[in-house]
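Reviewing the structure listed below.
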Amino acid sequence: MNVFRLAGDVSHLVAIIILLLKIWRSKSCAGISGKSQVLFALVFTTRYLDLFTVFISVYNTVMKVVFLALSYATVYLIYMRFRNSYNSENDTFRVEFLLVPVIGLSFLENYAFTPLEILWTFSIFLEAVAIMPQLFMITKTGEAESITTHYLFFLGLYRALYIANWVWRYHTESFYDLIAIVSGVVQTIFFCDFFYLYFTRVLRGRGKMTLP
Amino acid sequence: DEEAKPKDEL
Chain Z
1 MNVFRLAGDV
11 SHLVAIIILL
21 LKIWRSKSCA
31 GISGKSQVLF
41 ALVFTTRYLD
51 LFTVFISVYN
61 TVMKVVFLAL
71 SYATVYLIYM
81 RFRNSYNSEN
91 DTFRVEFLLV
101 PVIGLSFLEN
111 YAFTPLEILW
121 TFSIFLEAVA
131 IMPQLFMITK
141 TGEAESITTH
151 YLFFLGLYRA
161 LYIANWVWRY
171 HTESFYDLIA
181 IVSGVVQTIF
191 FCDFFYLYFT
201 RVLRGRGKMT
211 LP
Chain G
213 DEEAKPKDEL
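Protein chains in written order, with the working numbering: chain Z, 1 to 212; chain G, 213 to 222.
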């Protein structure tokens with residue numbers, strides 16, 4: 001464990017909690033892409049299958065359980081509890097355009113052709129594109145509430161911090177996981193456009209982020 | 213296939 005990875009995990013947890021609290025307190029999931037949240041729940045489910053078979057550390061196990069619980073709770077709030085506030089008419093990104101290439105790639109590029117390893121690789125590739133429906137929804141509506149942009153900021157920051165963690169681990173323990181690194185870089189690149197808007201509009205304007 | 217890496221990251 002290093003400070004970059006710890007900061008990344010905390011940033012990830014903060015993002016998930018920001019979103020969950022926003023939906024719960026406003027009793028509405030307007031402007032939130034349910035599809036992205038389902039994809040994130042799928043990412044955690046396929047990545048943490050070793051939750052009961054491999055024990056890494058208390059921290060690792062606790063964080064996996066927390067991420068799984070909070071992501072499923074978020075999906076539950078969107079599609080069940082506050083479903084009448086869900087903007088399905090704006091959440092129209094075709095997730096099959098993400099799932100098909102990700103499934104194909106995880107069969108092609110993996111460390112071992114075993115179910116657990118392929119599902120882990122699937123979760124890594126899927127996480128890189130899971131935010132697409134949410135970003136697409138924001139471009140479609142042309143705006144995002146500032147709390148939603150803070151969620152996206154911490155979500156994008158988490159994987160950027162993981163990249164720092166991978167650089168650190170390569171130099172200190174000459175460890176590197178190419179699949180995770182390539183996918184993590186792609187994932188962070190997808191956030192760059194949002195980061196630009198976040199720093200130029202939200203942090204300065206202090207209001208909604210309206211797209212040009 | 214390269215060797216499977218230890219999965220100690222979240």
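Yeah, the Cβ is synthetic: ideal placement off N, Cα and C, and Gly gets one too.
Can you grab the Cα-Cα spacing for the pair residue i / residue j, in whole Å?
{"i": "Z/L116", "j": "Z/L49", "result": "7 Å"}
{"i": "G/E221", "j": "Z/N110", "result": "17 Å"}
{"i": "Z/R94", "j": "Z/M137", "result": "11 Å"}
{"i": "Z/K22", "j": "Z/F195", "result": "20 Å"}
{"i": "Z/H171", "j": "Z/F4", "result": "13 Å"}
{"i": "Z/T61", "j": "Z/L203", "result": "35 Å"}
{"i": "Z/L155", "j": "Z/E143", "result": "18 Å"}
{"i": "Z/N87", "j": "Z/H12", "result": "25 Å"}
{"i": "Z/A7", "j": "Z/S85", "result": "33 Å"}
{"i": "Z/T92", "j": "Z/V10", "result": "30 Å"}
{"i": "Z/A69", "j": "Z/S174", "result": "33 Å"}
{"i": "Z/A15", "j": "Z/F153", "result": "8 Å"}
{"i": "Z/I118", "j": "Z/V102", "result": "11 Å"}
{"i": "Z/T74", "j": "Z/M80", "result": "10 Å"}
{"i": "Z/T45", "j": "Z/E89", "result": "27 Å"}
{"i": "Z/F113", "j": "Z/F67", "result": "26 Å"}
{"i": "Z/R201", "j": "Z/D193", "result": "12 Å"}
{"i": "Z/I78", "j": "Z/C29", "result": "6 Å"}
{"i": "Z/F199", "j": "Z/G205", "result": "9 Å"}
{"i": "Z/V58", "j": "Z/S71", "result": "20 Å"}
{"i": "Z/F122", "j": "Z/T141", "result": "30 Å"}
{"i": "Z/L108", "j": "Z/F191", "result": "26 Å"}
{"i": "Z/N2", "j": "Z/V167", "result": "11 Å"}
{"i": "Z/I131", "j": "Z/L197", "result": "16 Å"}
{"i": "Z/V129", "j": "G/P218", "result": "24 Å"}
Please list, in chain order, the chain G residues whose beta carbon lies closer than 7 Å to that of residue i.
{"i": "Z/I56", "result": "D220"}
{"i": "Z/W120", "result": "K219"}
{"i": "Z/D9", "result": "L222"}
Is any heavy atom in the ligand ZN found nearer than 6 Å to the beta carbon of residue i?
{"i": "Z/S33", "result": "No copy of the ligand ZN appears in this structure; indeed no ligand is present at all."}
Leaving aside the five residues before and after residue i along the sequence, list all residues of the same chain whose C-beta is less than 6 Å from its C-beta, in chain order.
{"i": "Z/K64", "result": "Y48 and L51"}
{"i": "Z/R159", "result": "G184, Q187 and T188"}
{"i": "Z/R83", "result": "none"}
{"i": "Z/R169", "result": "F175"}
{"i": "Z/S33", "result": "D91, P133, Q134 and M137"}
{"i": "Z/A41", "result": "S71, Y72 and V75"}
Here's a check: name, in chain order, each residue in its chain whose Cβ is nearer than 8 Å to the Cβ of residue i, leaving out the five neighbours to either side.
{"i": "Z/T139", "result": "L211"}
{"i": "G/D213", "result": "Residue placement at G/D213 is flagged as unreliable, the pLDDT there being 44, under the threshold of 50; a coordinate-derived value is accordingly withheld."}
{"i": "Z/L20", "result": "L70, A73, T74 and L77"}
Please compile the residues from chain G whose C-beta is within a distance smaller than 9 Å of the C-beta of residue i.
{"i": "Z/R5", "result": "E221 and L222"}
What residues in its chain sit with their C-beta under 7 Å from that of residue i, if we drop five residues either side in the sequence?
{"i": "Z/L105", "result": "F125"}
{"i": "Z/E145", "result": "G31 and K208"}
{"i": "Z/V185", "result": "I163"}
{"i": "Z/I150", "result": "In the sequence as presented, Ile is not what sits at residue 150 of chain Z; that position holds His. Around Z/H150: I18."}
{"i": "Z/I147", "result": "I18 and K22"}
Per DSSP, which residues does residue i bridge with? Please list them.
{"i": "Z/T200", "result": "Beta-bridge pairing links Z/T200 to no other residue."}
{"i": "Z/E143", "result": "Z/T210"}
Under 8 Å between beta-carbons, which chain G residues line up against residue i? List them in chain order, please.
{"i": "Z/F67", "result": "L222"}
{"i": "Z/N60", "result": "D220 and L222"}
{"i": "Z/K64", "result": "L222"}
{"i": "Z/D50", "result": "K219"}
Any chance the stretch 90-98 of chain Z sits against the stretch 44-62 of chain Z, with 3 or more Cβ pairs inside 8 Å?
no
The stretch 33-47 of chain Z in contact with the stretch 169-181 of chain Z per 3-pair CB rule at 8 Å
no
I want to know whether the stretch 10-28 of chain Z touches the stretch 163-176 of chain Z - three or more CB-CB distances under 8 Å.
no
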